[in-house]
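Protein sequences appear in the order of chains A, B, C and D.
Take 1 as the starting number for the first sequence in my numbering and just add one per residue.
Take 1001 as the starting number for the second sequence in my numbering and just add one per residue.
Take 2001 as the starting number for the third sequence in my numbering and just add one per residue.
Take 3001 as the starting number for the fourth sequence in my numbering and just add one per residue.
We put the CB at the ideal spot given by N, CA and C, even for glycine.
In this text the structure is predicted, and so the values were computed from the model without any measurement.
Reviewing the structure listed below.
Protein chains: 4
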Amino acid sequence: MSGVIGVFSKDNNHVSPRIYFGLYALQHRGHVSTGMAVNNNGFVDYIKELGTVHDVFNNDSINRLRGNIAIGHVRYASTFEAKDKVNASPLVVGYKKGALAITLDGSIVNFLKIKDEMEDSGSIFQTDLDTEVIANLIARYHKDELNDAIVKAVGEIRGSYALIVMTNDRIVAARDTHGIKPLSIGKIGEDYIIASETCAFDTIGAEFIRDVNPGEVVVIDKDGLKTIHESPKKRSLCIFELIYLARPDSIIDDRSVYLARFEAGKQLYRELDTKADIVIGAPDSGIVAAIGYAEASGIPYAEGIIKNRYIGRTFIEPTQEIREQGVRIKLNALKENIKGKSLVLVDDSIVRGTTIKRTVDMLKKAGAKEVHVRISSPPVLHSCHLGVDTPSEEHLISSYMSVDEITKEIGADSLYFISLPGLVKACGGDNGFCKGCFNGDYPVMKE
Amino acid sequence: MSGVIGVFSKDNNHVSPRIYFGLYALQHRGHVSTGMAVNNNGFVDYIKELGTVHDVFNNDSINRLRGNIAIGHVRYASTFEAKDKVNASPLVVGYKKGALAITLDGSIVNFLKIKDEMEDSGSIFQTDLDTEVIANLIARYHKDELNDAIVKAVGEIRGSYALIVMTNDRIVAARDTHGIKPLSIGKIGEDYIIASETCAFDTIGAEFIRDVNPGEVVVIDKDGLKTIHESPKKRSLCIFELIYLARPDSIIDDRSVYLARFEAGKQLYRELDTKADIVIGAPDSGIVAAIGYAEASGIPYAEGIIKNRYIGRTFIEPTQEIREQGVRIKLNALKENIKGKSLVLVDDSIVRGTTIKRTVDMLKKAGAKEVHVRISSPPVLHSCHLGVDTPSEEHLISSYMSVDEITKEIGADSLYFISLPGLVKACGGDNGFCKGCFNGDYPVMKE
Amino acid sequence: MSGVIGVFSKDNNHVSPRIYFGLYALQHRGHVSTGMAVNNNGFVDYIKELGTVHDVFNNDSINRLRGNIAIGHVRYASTFEAKDKVNASPLVVGYKKGALAITLDGSIVNFLKIKDEMEDSGSIFQTDLDTEVIANLIARYHKDELNDAIVKAVGEIRGSYALIVMTNDRIVAARDTHGIKPLSIGKIGEDYIIASETCAFDTIGAEFIRDVNPGEVVVIDKDGLKTIHESPKKRSLCIFELIYLARPDSIIDDRSVYLARFEAGKQLYRELDTKADIVIGAPDSGIVAAIGYAEASGIPYAEGIIKNRYIGRTFIEPTQEIREQGVRIKLNALKENIKGKSLVLVDDSIVRGTTIKRTVDMLKKAGAKEVHVRISSPPVLHSCHLGVDTPSEEHLISSYMSVDEITKEIGADSLYFISLPGLVKACGGDNGFCKGCFNGDYPVMKE
Amino acid sequence: MSGVIGVFSKDNNHVSPRIYFGLYALQHRGHVSTGMAVNNNGFVDYIKELGTVHDVFNNDSINRLRGNIAIGHVRYASTFEAKDKVNASPLVVGYKKGALAITLDGSIVNFLKIKDEMEDSGSIFQTDLDTEVIANLIARYHKDELNDAIVKAVGEIRGSYALIVMTNDRIVAARDTHGIKPLSIGKIGEDYIIASETCAFDTIGAEFIRDVNPGEVVVIDKDGLKTIHESPKKRSLCIFELIYLARPDSIIDDRSVYLARFEAGKQLYRELDTKADIVIGAPDSGIVAAIGYAEASGIPYAEGIIKNRYIGRTFIEPTQEIREQGVRIKLNALKENIKGKSLVLVDDSIVRGTTIKRTVDMLKKAGAKEVHVRISSPPVLHSCHLGVDTPSEEHLISSYMSVDEITKEIGADSLYFISLPGLVKACGGDNGFCKGCFNGDYPVMKE
């Protein structure tokens, strides 16, 4: 997963702060590396490093990155990918027509096949990035008009993607034909902005215009915004964006992420009534659904767990010995609030099952009488190959244990997963989602 | 304000990780500097720097700091104090009897008077720290037995304090005679731990034993824990610890911080009934009271504002121009959730009035129909000289505006502050608080 | 200019320290960036950054870089080249047959032409490096056997170069057909080492075997050293390597750099007898010739100027105002030793004329009666396009001033340049040098 | 050993660059820590850290340090002293009369005795620095006029020292009563400068005025330079300043350091005639004496050893295994120049004997026929307690081996040390030196 952003401005003073603040708003989409490339009259300058926005940029670098077009990236490396500096984005290359800077959220399923064909014809590769293949495709079509070249290149890639390409005089953005990955268009004054999520627009005071459509390629240049290609397929937004990935204040394809989670919480109660003293959420991703559950059930919402906000990337993990002494460094139960009580604990999903087990254990040790676990997504049974970092299937607890077995394993008094139709309904009805991780039905197959 | 912590262990392997994790739990008490001193058979090593625990310590430094006694500190420098490295704590000095390391949370009101007398007799000072005066006092009594010397030194200082002194073979801890500052004792295995708040005990799996009593001096050495001095005055815990300063999962003088805030929220509703669609809290300090308010009123609790968790110390502030475009970088309203609704917005306090004004404005711009502001502490009228960083009185909005004027100034539809008796009741009844910032009645006067 | 080095070992423990110490020995060939790539059973790891060996490597990085084959690079960026991190070497790429790491000292004159053709056929470029073109050439021939592919690639480039290519199982090294750039082969135990200068062998205790011949391509693999291609042209070693570039303890094409400079000093005296009290050298490059001059003339050798050895890369340049007060930060005249004396001042070359002017002025101000400047190379009249960083011709003082004019300009009492035949004789007779900067006759012309 | 410097200026713009460039000139006197304190109308700001001038200061810090008075320090920590940051100088303290900043080169022999008495009366100490005791002494006399207080404080310390004290309105400098440590006064425009060596004056374009006299205390304030105390004893400049410690371009007590070394080289030859092909110096400290030897003997001076100038503080030492392969990383013999020749090798001193042994071995392995070692100081028999970092006597090779035994141990063909009278003569005749390391006769005894 990644966060991508691009800005096209009429002047030279705003693009780097806008990318900077926008990347802060998208930081939840990736912590591994951060980068920005700026076009200044055909000269491209860039900074990209391992680390968060906070680690990579400072006043000096924001001042240095001047120009009227810019793109940025925050990257979440999956456990299988090298976390090397060389894989930080945007990718910046030179080709026959000048400089290209490219940034992408998603997963190109025919990446290795195209790369292999290119190596056959003598190409070299300097990174592991999907975008290096895309850059090569664009360069191969350099005799075509630039927009055509990019449309042709996009036509050859398959998968899930939100893609932003910066050239010397324009930004071209494309969303995969199923609209699996989100990508939205905003405007502030005369300037256009493209970003993975609308929360990036709020951050910089921009107005949301519309989403990029599935299969659409748009160009932004001195003449404004224009669609240069369309090829929509059945709309299949990744439903995990609504469940967990996106920020609650974002709106994706006309759906409020907050309300989807809130409704899922209500739906959870409607599907299974439970008696309890209080409803709590697992911080931070279960909070909104817990508030919905509380409202639907009339059981009071409460905080049951405090999260330490200061634990950062360089945190030194406790040793096994210290861990066994029952340390509660990142999360701590609010003993006074849960002692002797029956709890409904709402979380967004169970993947490996280790976190929820630790949480239930902590609540029980803090004196909770009962812990009823309610999950606002169905059991995760399949590993994603379209850009969400799920482990392989043998590590997905729901793929090898029944709900009863999981209940026992995690020490809960009861466990209930929302139904898939219930989740879809909470997300606004089935006008198209990728639900592959729940039902194995992916709109684009692995190659 | 600061966070202090000390550990006395039977062996050499645990003290620095315990201080490290403990300081993470106390990080909310100060971000300006962080430090740890460790005693290894009479040799004191220490690391102290500007920055947070995350910035100052890494694996190498934790491994380097070996010994069986250690103390640590996180510091919140007031706007009047130099944020220099030289003022990082703990203070480590040598004197006739060996090494002393000292760390303190609080404010010594006769600090300048003692310092002045010492300079008269030829002393030099290398820092602005209260603890340097205390070190000098202890050194002056070096002919006395060490415990006696520390008790004598403590007898000469007046103010609010939680003090921890590390010598070659013991830890001595003292709490001011009014118990204004919190200080608690925990135990893990054979090891004792002293810390500003009990959340530090949970973090490392230690068990809470008891609070240090007002005016008590305790020593922890190879023979265990012992009280070496008592001189209690009327108990006057800083009520702001419960309202805002402490972590919700801490227990101070038998009061749960979470429950105090939750009850204050309920009390707010009981004091003034209000009709509204939803109750929201100002993140993060108003959340718990908002949950209480919702429970008492039956109005649904909801999230209305999203806080960006990634904004850190080195964040580059937006320029005036960008600010005026309505940026919402740190906080963003959940438009979809508040549009057209009447809101009760709960916050813990109003000091200068600038933050609440910006919040109300953001909610209104996001479409809120009405914003009713409810504050879970009374109007702050007096500046604190006992260790809480409040601005001088001319900057306290309640000192120069009536509630009606403030309502208008901040753009709210209504504004209500909890009553002082109501707050005290929520905090568990008046068995002793310092409420000076509300009523001007401080247990220790300024010198 | 750059320094290059490669090591092929039978085991995994020695290559990174050998490259590290070898790069220290080659540091005089470039300060701008430093890098090392190591092959560990087909996995290539590398570190390359702006800065010197001292800046870029530490114990951790040397320990991390494990493998049995390694290459390294120190880079001197000319004033025209971007000093960007992206241009640090070695270049590491993947292609059909695996990984390639490439490092080069020199200048490929048909670089832009080849790059242009490649861009025509759709290639992208991510750096400004000559080696990226070479990597593309090798990749284009990936269907050939690897040695053949490299020989073919080398066959397409023209210019001056010492090239080292690392693949998964071998090192291939090539020297340009005129032998303009130096490149030597050494051996330590079973391990082979290739380096720009023999001083790198002494550093790590290796034995010098022989130079790579002009136009020769050698391969080193598990079967040892083998020549895989030969195409010598008229031998034309860059004579500036002997005059200034190389380290005095290196031996290039059977010539001792020290002795060449020493003989040039003797020759200078033989060509023009001068009366003086002492002979001094301009530190550091004029010292050896000055010692030779002293021996030939019988005039005592002395030190006249002290160089501050601590001035480093981050040195803050003095302001104009401070400069005008006659600061002598990097160099200081030894007043007591030169007051009232006639000096012969020997330096290796005059390029822009600014340094020698400042030196003469400093000596005069320190009381020197007469300063007779003797230069151990002829007037530099032409700018080099083969890898030595000389300014363009309009900045070469000898291209627009006569010797008499320069004498006056620099404030010397007399000035004499060695004759070109005299220099060649000092360098061991004319069995082939590139003397283009003196006579405009370059063995490879600019394209 | 340390280097100290102070500047008093009429304006606010020059002191920090002057200290900065001056410290560069004094860097050879210490690499362990560097610091500068600046007085800006009574507000003292300072930066001091472990590392060299290059490591500690940058443009930002030089710009930040503004004021009209400043002092600086570079420190050489002996092997016995902690290299902690806390011991970086200058020491900056506050006392009754304001701020004091103190910097010192030397060794106070009654330091522990005074410190002990102070601890008896209740003082604390935060560093291991001599200057902390001096600051306490000055503070004790705070009721006296400031100059008187400093003179009194200086009157209580014994040892070798060059001391500079900065107060809010003046600089006070003192040299020990025997003049063991050097300290000189310079002037540039209206500004005065005090420094350990005159090379610091040349660096910034200042004019040398005179040395501070043994036992003299001078003050520099807005009224200029004034002597406020005199108490000379028999003049005893540390003769090692001339032999090794000082920079060759410095003038100490009217003696040129360069000429002293040059004359010592000549004297060495006069004391013992030797036949050889060339004379070489051990870099860097033996070079000047080697030039003198060459001139006196008529044997040609040559370079025989190349020193790598890039080896810095963070250099990774080679492993034992690599070392045994005969690595020549820091020094390399010039094989071509010494093969088959008889050498006279001149060095400044033999302390432990390990370095000279390694050098002789390297020369022999490089093919030298004979190596005749000539040392321009007598055998070092006694450990210094007055500020020169010599090892304890059992590690001084001359204290447990005869000259014949050393000759054999180091593998030389012959070995000769200059006579003590010969050295004194070379240094300008016996008008007073401390020669304690040679004859055990120290002007100030250890306490």
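To which residues of the same chain is residue i closer than 7 Å at the C-beta, ignoring the five residues directly before and after it?
i	result
K3357(D)	E3409, I3410 and G3411
R1270(B)	A1296
G3340(D)	G3367 and K3369
G1067(B)	N1012, V1015, V1038, N1039 and N1040
V109(A)	R158, G159, H385, V444, K446 and E447
Y3076(D)	M3001, S3002, R3029, G3030, H3031, V3032 and D3389
Rounded to whole angstroms, what's the CA-CA distance from residue i to residue j? Just pull it up for me.
i	j	result
K3335(D)	V3056(D)	39 Å
R2328(C)	A3025(D)	9 Å
I3185(D)	D1221(B)	56 Å
S3349(D)	A3276(D)	21 Å
Y400(A)	L363(A)	26 Å
L2242(C)	T2203(C)	20 Å
Y2310(C)	H3054(D)	8 Å
E2216(C)	I2228(C)	8 Å
Y2416(C)	I3316(D)	45 Å
I1406(B)	V1257(B)	28 Å
Only counting the same chain, and skipping five residues up and downstream in sequence, which positions put a Cβ closer than 6 Å to that of residue i?
i	result
F3262(D)	V3288 and G3292
H2178(C)	P2214, K2233, S2236 and P2443
P1283(B)	I1305 and K1307
L1183(B)	A1162, R1175 and V1212
Y301(A)	V279, I291 and A294
C2238(C)	I2180 and C2434
K2115(C)	V2133
Please name the residue or residues paired with residue i in a DSSP beta bridge.
i	result
D1105(B)	A1162(B)
L2091(C)	I2102(C)
H2054(C)	DSSP, once it has assigned bridges, lists no residue as partnering H2054(C).
G179(A)	G179(A) is not bridged to any residue.
Tell whether a beta-carbon distance below 7 Å holds between residue i and residue j.
i	j	result
I3157(D)	I3138(D)	no
F2438(C)	P2378(C)	yes
N136(A)	I2124(C)	yes
K3010(D)	E3207(D)	no
I2069(C)	T2103(C)	no
N168(A)	V219(A)	no
For residue i, collect the residues of the same chain with a Cβ closer than 8 Å to its Cβ; drop the 5 residues on either side in sequence, then sort them by chain order.
i	result
I1062(B)	S1016, P1017 and Y1020
**Study point:** Contact the region 1425-1445 of chain B vs the region 2042-2060 of chain C: 3+ CB pairs below 8 Å
**Key:** no
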